[in-house]
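First up is the structure itself, then whatever we jot down about it.
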Amino acid sequence: MPDPTDDLVVDQRIRIPAADLSERFTTSGGPGGQHANRSSTKVELSVDLTSCGGLSAVERQRLIARLGPRIVVHAAEERSQTRNRSLARRRLAAVLRNALVVRRNRRPTTPTAASVDRRISAKRRRSAVKDGRRRPAPDD
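Start counting the sequence shown at 0; every next residue gets the next number (numbering that gives the first Met the number 0).
So this is what it looks like as structure tokens:
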């Protein structure tokens, strides 16, 4: 289990310093009796991207554009604060990793010549059907 004083490793290149991470502990809520009511096992892990070290300017801008200036991750599934803390750190790393992926721009496909021909011939057929419904023009 990672030590909470360790930096958050997002990928091979990116490490968020532990000083930039903010942890808050509260009671989880829900069923569980006295343990759930008295133990602060829920973890709220947050990072302020505007002042966060370990990111290049381009990465910081990409993260802020996609996620906003502050990211908050909650973990309350486990009974142990240590396990919830580890889970929250993994979730935050995954959120950052997914947001850093450079998405390729979609290049619209051009219709094939055959599909254009099919569309035009279908329009002509439909037009002929509608023309057949018209009253015949008076022949003068």
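Glycine included, each C-beta is placed from N, C-alpha and C at the ideal position.
None of the values given here were measured: they were computed from a predicted structure.
Under the three-state reduction of DSSP output, Glu43 falls in the strand class. The way I'd put it, the segment 42 to 58 does touch the segment 14 to 28; three or more beta-carbon pairs between them come closer than 8 Å. Classified as buried, Ala87 has 16 or more neighbouring CB atoms from the shown chains inside 10 Å of its CB. Look at Leu20 here: in three-state DSSP terms it is strand. With contact defined as three or more Cβ pairs closer than 8 Å, the segment 4 to 13 and the segment 91 to 108 are in contact. About 26 Å separates the CB atoms of Asn83 and Thr49; that is not less than 8 Å, and the two are not in contact. Looking at the DSSP output, Val8 sits in a beta bridge with Arg14. Here the alpha carbon of Arg123 sits roughly 20 Å from the alpha carbon of Ala136. Between Arg61 and Val71, the alpha-carbon positions lie close to 17 Å from each other.
Taking each of Arg89, Gln33, Arg65 and Pro68 in turn and checking the Cα distance to Ala74, the smallest one comes out for Arg89.
Closest by C-alpha distance to Thr81, out of Pro107, Arg106, Gly32 and Ser38, is Ser38. Looking only at Ala112, Ser114, Thr111 and Ala64, the smallest Cα-Cα distance to Val101 is reached by Ala64. When DSSP states are grouped into helix, strand and coil, Thr25 belongs to the strand group.
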